[in-house]
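Have a look at the structure below before the remarks.
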Amino acid sequence: MNLMVITTDGSTAAPSAQDQTLMQKAQRLIEADPHFQGLKSPVLSRAEVNAGVTATAPGYLYLRYDVPGAVPQELWAHWGKTDHVAWKSGQVTVQQG
Amino acid sequence: MEVFMGSVKHILFQDVTQGGGVRADHLRFNSGPYTRAMRTLTAGTLLALLTCSVLAATDHDPVVPDPRLSPGDVLTSDTKIICVPGYTKTVRNVPQALKEQVYREYTITGRAPGEYEIDHIISLELGGSNSIRNLFPESFKSQPLNAHVKDTLENKLHDLACSGKITMQEAQQAIASNWTTAYVKYVGPLPGGAQPVQEVAGSTGQKTAAPASGSAAPIPVLPATTASSGSAPPNVDGSCPAAAPIKVSKAGIYHLPQGDGSYARTHAQSCFATPGAAQAAGYRAPR
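Set out below in structure tokens:
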């Protein structure tokens with residue numbers, strides 16, 4: 030899955046190494062979540078950094094998993110103090126450092 | 226995974242003073258090519274365009290999204306998923322920080338409570354996503370076009386797509402490319418005699434496409450003409466012009482000037498020359 034940055038003027042840009050790390054760590058957290066494990070064959074289909082949002086704020090990294098025959102799952106990852114997946118809201122906090 | 230790259234079109238900014246005068250200083254445009262294009266406009270051209278904007282009541286409200294920022298984005302087109310009652314509750318809410326970013330991108334820096342919503346261009350009930358590509362700020366209070374008007378279209382398209390009269394993809398494409406045009410096609414005349422926001426160029430399929438010259442300036446909402454559709458905008462006091470005296474109410478019911486006890490008190494949302502024209506536009510007679 031290619032990670033893409035959506036800049037504030039709507040154009041796209043390449044992600045930073047930090048963004049790549051955030052995506053990878055967020056994926057690992059999501060995949061370990063019991064709710065996610067209950068989904069049938071989810072596939073990451075979209076990963077977008079919202080450049081105008083602070084990297085520590087909810088909404089920074091948009092992740093979408095397609096689930097065949099079911100509602101696709103949209104989640105957002107950001108850096109924070111501790112690793113945490115809030116499944117209901119879709120917010121994934123990834124521990125910084 | 227599908228992404229709609231909406232055709233290039235104008236952002237419509239409703240920008241008049243309450244007295245009908247023009248306040249060009251209140252125009253707000255996004256940075257980039259669009260701004261550069263606007264800067265090339267002569268003052269005369271700008272004034273001529275803005276003086277046509279006589280229907281709006283509030284300032285600088287984007288009625289249709291900027292296709293560079295918000296081309297529209299689909300989560301799913303599967304009617305077996307979307308058309309199940311309660312589907313939209315299974316889709317998560319947009320984080321507030323992301324909403325704030327959308328406001329910033331559209332240069333809406335101050336707002337009153339309840340003045341705007343961050344709306345999905347392709348609504349959730351039509352399978353739209355929560356990506357920032359599918360979000361734009363929409364006013365509840367601008368007139369005559371606002372979030373409530375778009376809601377009517379969303380409900381109509383949902384009904385049509387879920388009843389199989391059109392495909393979900395058609396519904397998604399229609400609302401993403403220009404919801405004001407889609408409204409006329411699937412619902413009827415826009416309220417207040419507004420005309421659909423006009424497109425400036427053919428579809429380019431490019432998210433970054435934007436007007437490139439001064440000729441590609443925003444086109445304000447203009448009063449409808451009666452020539453082709455038999456419709457006309459209502460007068461400011463809610464009456465209809467003599468050429469199109471039939472009043473259409475908020476409820477979508479048309480009232481004739483003779484023999485209809487409700488006619489006098491009906492504040493017209495649109496006007497028609499004949500009952501047939503009103504019916505053709507999707508309105509009904511009183512029961």
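These protein sequences, in sequence, are chains A and B.
The opening position of the first sequence corresponds to residue 30 in the working numbering, with each subsequent residue numbered one higher.
The opening position of the second sequence corresponds to residue 226 in the working numbering, with each subsequent residue numbered one higher.
Yeah, the Cβ is synthetic: ideal placement off N, Cα and C, and Gly gets one too.
Next item on the list: Could you tell me whether any Cβ in chain B is nearer than 8 Å to the Cβ of residue 70 of chain A?
Entry: By this cut-off, residue 70 of chain A is not an interface position.
Check: Can a CB atom of chain D be found closer than 8 Å to the CB of residue 79 of chain A?
Finding: As a matter of chain content, chain D is missing from the structure shown, whose protein chains are A and B.
Checklist line | residue 360 of chain B - containing beta strand (DSSP E), residue span | finding: 360 to 364
Notebook entry, point to check: When you compare each of B/329, B/308, B/288 to residue 83 of chain A by their alpha carbons, which one comes out closest?
Noted result: Out of B/329, B/308, B/288, B/329 has the C-alpha closest to the C-alpha of residue 83 of chain A.
Notebook entry, point to check: Counting Cβ pairs, one atom from each stretch, are 3 or more of them under 8 Å apart for the region 345 to 360 of chain B and the region 406 to 418 of chain B?
Noted result: no
Next item on the list: Alpha carbon to alpha carbon, how far is residue 467 of chain B from residue 513 of chain B? Give it in angstroms, no decimals.
Entry: Because chain B spans 226 through 512 in this model, residue 513 of chain B falls outside it and cannot be assessed.
Next item on the list: Give a yes or no on whether 8 Å exceeds the smallest Cβ distance from residue 105 of chain A to chain B.
Entry: Among the residues facing chain B, residue 105 of chain A is included, as its CB has a counterpart in that chain under 8 Å away.
Checklist line | C-beta neighbour in chain A for residue 288 of chain B, strict 8 Å | finding: no
Notebook entry, point to check: Mind pulling the chain B residues with CB within less than 7 Å of residue 59 of chain A?
Noted result: What residue 59 of chain A touches in chain B: nothing, since even the nearest Cβ is about 13 Å away.
Checklist line | Contact with chain A by residue 351 of chain B, beta-carbon distance below 8 Å | finding: no
Notebook entry, point to check: Are the C-beta of residue 45 of chain A and some C-beta of chain B separated by less than 8 Å?
Noted result: No, residue 45 of chain A does not count as interfacial toward chain B.
Next item on the list: Return no unless some Cβ of chain B is closer than 8 Å to the Cβ of residue 196 of chain A.
Entry: No answer is possible for residue 196 of chain A: it lies beyond the span of chain A, which begins at 30 and ends at 126.
Next item on the list: Only counting runs of 4 or more residues, tell me where the alpha helix (DSSP H) segments fall wholly within the region 51 to 116 of chain A, in order along the chain.
Entry: 63 to 66
Item checked: When B/304, B/352, B/372, B/294 are compared against residue 286 of chain B, the one with the closest alpha-carbon -> B/372
Checklist line | Pick from B/348, B/412, B/471 that is closest to residue 485 of chain B, judged by C-alpha positions | finding: B/471
Next item on the list: Provide the residue span of the alpha helix (DSSP H) that contains residue 495 of chain B, from first to last.
Entry: Where residue 495 of chain B is concerned, there is no enclosing alpha helix (DSSP H), although the beta strand (DSSP E) it sits in stretches over 495 to 497.
Notebook entry, point to check: Who are the neighbours of residue 301 of chain B on chain A, taking C-beta pairs under 8 Å?
Noted result: Simply 100, 101.
Check: Using a beta-carbon distance below 8 Å, is residue 15 of chain A in contact with chain B?
Finding: Only positions 30 to 126 of chain A appear in the structure, and residue 15 of chain A is not among them; the question remains open.
Check: How many Å lie between residue 497 of chain B and residue 410 of chain B at the Cα?
Finding: 17 Å
Checklist line | Beta-ladder partner(s) of residue 41 of chain A, from DSSP | finding: A/35
Item checked: Buried versus exposed call for residue 113 of chain A [16 or more other C-beta atoms within 10 Å across all chains shown] -> Taking all protein chains in view, the Cβ of residue 113 of chain A is surrounded by fewer than 16 other Cβ atoms within 10 Å, so the residue is classified as exposed.
Notebook entry, point to check: Which residue or residues does DSSP assign as beta-bridge partners of residue 513 of chain B?
Noted result: With chain B covering 226 to 512 only, the question about residue 513 of chain B has no answer from this structure.
Check: Hey, residue 299 of chain B and residue 347 of chain B are a contact pair by Cβ (cut 8 Å); roughly how many whole angstroms apart?
Finding: 6 Å
Check: Taking the beta strand (DSSP E) that residue 471 of chain B falls in, what are its first and last residues?
Finding: 471 to 473
Next item on the list: Tell me, please, whether the CB atom of residue 56 of chain A is closer than 8 Å to any CB atom in chain B?
Entry: no
Item checked: Same chain, Cβ closer than 7 Å to residue 55 of chain A, five either side skipped, listed in chain order -> 90, 92, 106, 121, 123
Margin query: My output table needs one value for residue 313 of chain B: the three-state DSSP class, helix, strand or coil.
Written below: helix
Next item on the list: Examine chain A for any beta-carbon lying closer than 8 Å to the beta-carbon of residue 355 of chain B, and answer yes or no.
Entry: Residue 355 of chain B counts as touching chain A.
Next item on the list: Output yes or no for whether 8 Å exceeds the beta carbon distance between residue 340 of chain B and residue 366 of chain B.
Entry: yes
Note to self: On the CB-based measure, 16 or more other CB atoms within 10 Å of its CB, does residue 31 of chain A come out buried or exposed?
What the structure shows: exposed
Item checked: Cα-Cα separation between residue 306 of chain B and residue 98 of chain A, rounded to whole angstroms -> 8 Å
Notebook entry, point to check: Any beta-carbon of chain B closer than 8 Å to the one on residue 67 of chain A?
Noted result: Closer than 8 Å: no.
Checklist line | 8 Å Cβ cut-off: residues of chain B touching residue 109 of chain A | finding: By Cβ distance, chain B contributes nothing, its closest Cβ being about 13 Å from residue 109 of chain A, past 8 Å.
Notebook entry, point to check: Rounded to whole angstroms, how far is the Cβ of residue 382 of chain B from the Cβ of residue 351 of chain B, which I believe are closer than 8 Å?
Noted result: The Cβ separation is near 6 Å, so the contact holds.
Notebook entry, point to check: Any beta-carbon of chain B closer than 8 Å to the one on residue 125 of chain A?
Noted result: no
Notebook entry, point to check: Once you ignore the five residues that flank residue 316 of chain B on each side, which residues in its own chain have a CB closer than 6 Å to its CB?
Noted result: 349
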